[in-house]
Amino acid sequence: MKVQAVDRHFGSPDRKRMVHLSFRQMLELKVFGYAQIFTRTKQGWRHPVPFYVVECKDHGYFIDYAHGYRRYFTCPLCRDRQKREMVAVKKAVG
Ligand SMILES: [Zn+2]
16 MKVQAVDRHF
26 GSPDRKRMVH
36 LSFRQMLELK
46 VFGYAQIFTR
56 TKQGWRHPVP
66 FYVVECKDHG
76 YFIDYAHGYR
86 RYFTCPLCRD
96 RQKREMVAVK
106 KAVG
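As structure tokens, this is what we get:
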């Protein structure tokens with residue numbers, strides 16, 4: 016099975032990556048909202064870490080690793096929207 020996912024880690028910022036999922040991964044994605052797809056070392060990192068395809072309720076799928084102690088994921092498109100909202104709030108507040 017294939018899904019299109021936003022990939023800001025390895026792909027160009029505005030392109031979606033085609034991710035091939037096994038039946039098991041598709042099931043995990045549906046049940047948990049994320050599924051591990053590969054392990055990679057990002058530039059500047061010492062060790063490879065697992066990456067996941069994650070479902071955003073607003074934007075569909077994106078690729079991310081688990082952040083921080085609480086191991087959360089951040090949708091890049093939600094993050095963009097939050098940044099825009101912050102700018103708008105700052106302008107309004109002055
Ligand atoms: Zn989102």
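Per this note's numbering, residue 16 is the first one in the sequence shown, and the count goes up by one each step. We treat Cβ as the ideally placed atom computed from N, Cα and C, and that holds for glycine.
- By alpha-carbon distance to residue 56, the top candidate from 25, 93, 106 is 25.
- Taking 9 Å as the cut-off, the Cβ atoms of residue 77 and residue 68 count as close.
- Between ligand 1 and the CB of residue 92, the shortest heavy atom gap is smaller than 8 Å.
- If you draw a 10 Å sphere on the C-beta of residue 66, you find 16 or more other C-beta atoms in it, and that means buried.
- Within 8 Å of the C-beta of residue 22 there is not a single heavy atom belonging to ligand 1.
- Distances between the C-beta of residue 82 and the heavy atoms of ligand 1 are all 8 Å or more.
- The three-state secondary structure of residue 98, taken from DSSP, is helix.
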